[in-house]
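Down below is the structure, laid out as structure tokens.
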Amino acid sequence: MTTRSVTRTTLDHLLTEIEHRNPAQPEFLQAAHEVLETLAPVVAARPEYAEPGLIERLVEPERQVLFRVPWQDDKGRVHVNRGFRVEFNSALGPYKGGLRFHPSVNLGVIKFLGFEQIFKNALTGLGIGGGKGGSDFDPHGRSDAEVMRFCQSFMTELHRHIGEHTDVPAGDIGVGGREIGYLFGQYRRITNRWEAGVLTGKGQGWGGSLIRPEATGYGSVLFAAAMLRERGEDLEGQTAVVSGSGNVAIYTIEKLAALGANAVTCSDSSGYVVDEKGVDVELLKQVKEVERGRVDTYAERRGSSARFVPGGSVWDVPADLALPSATQNELDENAAATLVRNGVKAVSEGANMPATPEAVHLLQKAGVAFGPGKAANAGGVAVSALEMAQNHARTSWTAAKVEEELADIMNNIHTTCHETAERYDAPGDYVTGANIAGFERVADAMLAQGVI
């Protein structure tokens, strides 16, 4: 039996153990499978990675914090939500990862996000570990006062587990500038410290970084552009379908337009909009960020060029590029088959794990350039780390400087993934390249620091 066969058998056994230890956590198990199934070549080539306990430690969080979050609504009624913070791996630096407030949040979802964050953060090269947190609280439809009371209660517990040298949360789905402000205010109130580096995504007047709101969407587009360049093409004149209408989707659409591409869709849970003229970013920002409305309102105001499709699949719209920017597992095998039939050239994941494993396999088999989220959407956490650097130096950078740094980081991530895939006989496979490159950086640090 070859070394690679032994390695494959060992990894299969480990996956069985992970399933046994983490029942009813399908998102986490999916993420673990996706990473471990690509590691056989590197473990075979680097025997030190087969050291007993290394990968077992990698897939087990260093710390999992679960807590209740009681809060009162505007009518005085008490609600109780669950809060989570999974501090997954700190071999490369303090835990770093967002907070998600959404009814779908549970421990398995947070563990999947935290596990992905390990490799994503490693790929940035910025010395940050992986973690994630959140709550099953739904801010949609709640007043500012209710959101404030929830955030204050959430931080009352969370504050004891975080710090600029320990764990640095940021925003994610349901957690934007408003929520970060309330969370930071409560942290400052409880600790009596102005510790700007404890949270990222802050307001620009009190420790935040320029380009941070735009970073995830911008980065996803930059990664797509790099994949196209590798094939001798560019973004100019390409048509794109984008899912979602939150922060990531909005700035994905904005960056596509800036680079000469045309995004013709946006979506939310009610359905999607097709805008033949290209999505009007300023109108979308007004509807979604200011009014907190639905995309059907965008279609009504946009006029004859836009139509709203209730339900359905945004991936039915023909385009050259697809940038899933909403949530996990939103792009399934059937949707991938439709994209392929419609001639899609590249898919760049702006959300975390938005494509199912079956969809990824189908896209890759069809020769579509596929940028996995841990590489393609790393721009957000990269600029969060740059925000931490600015906080540490008590300074702020210009938008041009931050955007230049972001572009360099995304291009370096693309190069790293591409070259790593080629090194392990998987040319053009950005999934394998991202997983192995991230794993190597984290595993080397873990080996150097001993069994902890």
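Residue numbers (numbering that gives the first Met the number 0): 0 to 451.
Idealized CB from N, CA, C, for every residue including glycine.
So the candidates are the options; which of them puts its Cα closest to the Cα of residue i?
i    : options                   : result
N434 : Q448, E115, D279 and H360 : E115
N390 : E194, S268 and F149       : E194
A392 : E26, G245, A335 and G207  : G207
Y217 : G196, T264, E348 and T165 : E348
G432 : D11, Q24, F27 and E36     : E36
R62  : I109, D72 and Q24         : I109
V272 : A248, G170, E288 and A256 : A248
D279 : G270, S269, S266 and A262 : A262
R211 : T9, T414, V401 and D11    : V401
R177 : H139, D166 and H164       : H139
W70  : A49, G170, H12 and F149   : F149
E281 : N246, S269 and G270       : N246
V58  : S312, R76, E163 and L10   : L10
D443 : E16, T6 and Y48           : Y48
V68  : E253, N21, F83 and D166   : F83
Y423 : R141, A44, A321 and E213  : A44
H417 : R291, A368 and V85        : A368
A225 : G437, T6, R440 and Y429   : Y429
P7   : Y94, T199, G170 and A39   : As written in the sequence, residue 7 is Arg, which differs from the Pro given in the question. Cα-wise, what sits closest to R7 is A39.
V346 : H360, V146, L320 and T355 : L320
Quick one: grab the DSSP three-state call for residue i.
i    : result
E55  : helix
P168 : strand
T190 : helix
D457 : Shown here, the chain extends from 0 to 451; a query on residue 457 therefore has no answer.
W396 : coil
G140 : coil
Q237 : coil
S219 : helix
T264 : strand
L10  : helix
A23  : coil
L330 : strand
R159 : helix
Y250 : helix
Y94  : strand
Y423 : coil
P69  : strand
G175 : coil
G184 : helix
A368 : strand
G449 : coil
A538 : Outside the displayed span of the chain (0 to 451) sits residue 538, for which this structure offers no information.
V313 : helix
R99  : strand
R453 : For residue 453 there is no data in the structure shown, the boundaries of the chain being 0 and 451.
R148 : helix
Let me confirm a value: residue i is counted as buried when at least 16 other C-beta atoms fall within 10 Å, else exposed. Which label applies?
i    : result
A358 : buried
E18  : exposed
G370 : buried
W205 : exposed
P426 : exposed
N88  : buried
H383 : Note that residue 383 is Ser in the sequence shown here, rather than His. Answer is buried; the Cβ neighbour count reaches 16.
L91  : buried
Q448 : exposed
V450 : exposed
N191 : exposed
P168 : buried
K364 : exposed
T264 : buried
K131 : buried
V289 : exposed
At which residues does the beta strand (DSSP E) containing residue i begin and terminate?
i    : result
N80  : V77 to N88
G133 : G128 to S134
G342 : Element bounds for G342: n/a, residue is neither H nor E.
V272 : G270 to D274
R306 : A305 to P309
For the alpha helix (DSSP H) containing residue i, name the first residue and the last one.
i    : result
Y48  : It is not in any alpha helix (DSSP H) - Y48 carries neither H nor E in the DSSP assignment.
P323 : It is not in any alpha helix (DSSP H) - P323 carries neither H nor E in the DSSP assignment.
G378 : G378 to H391
A375 : G372 to A375
R301 : V294 to R301
N120 : L106 to T123
K463 : The structure shown does not extend to residue 463, since the chain spans only 0 to 451, so no value can be given for it.
Confirm the yes/no value for this check: CB of residue i, any heavy atom of the ligand FAD, distance under 8 angstroms.
i    : result
E213 : Within the structure as shown, the ligand FAD is missing, as the structure has no ligands at all.
Exercise. Does the segment 212-232 come within contact of the segment 295-303, defined as at least 3 CB pairs closer than 8 angstroms?
Worked result: no
Exercise. Do the segment 93-109 and the segment 126-146 meet, that is, are 3 or more Cβ pairs less than 8 angstroms apart?
Worked result: yes
Exercise. Do the segment 404-422 and the segment 372-383 touch if we need at least three Cβ pairs shorter than 8 angstroms?
Worked result: yes
For this session: Indicate whether the contact test is met: 3 or more Cβ pairs, each with one atom in the segment 152-159 and one in the segment 222-234, closer than 8 angstroms.
Result: no
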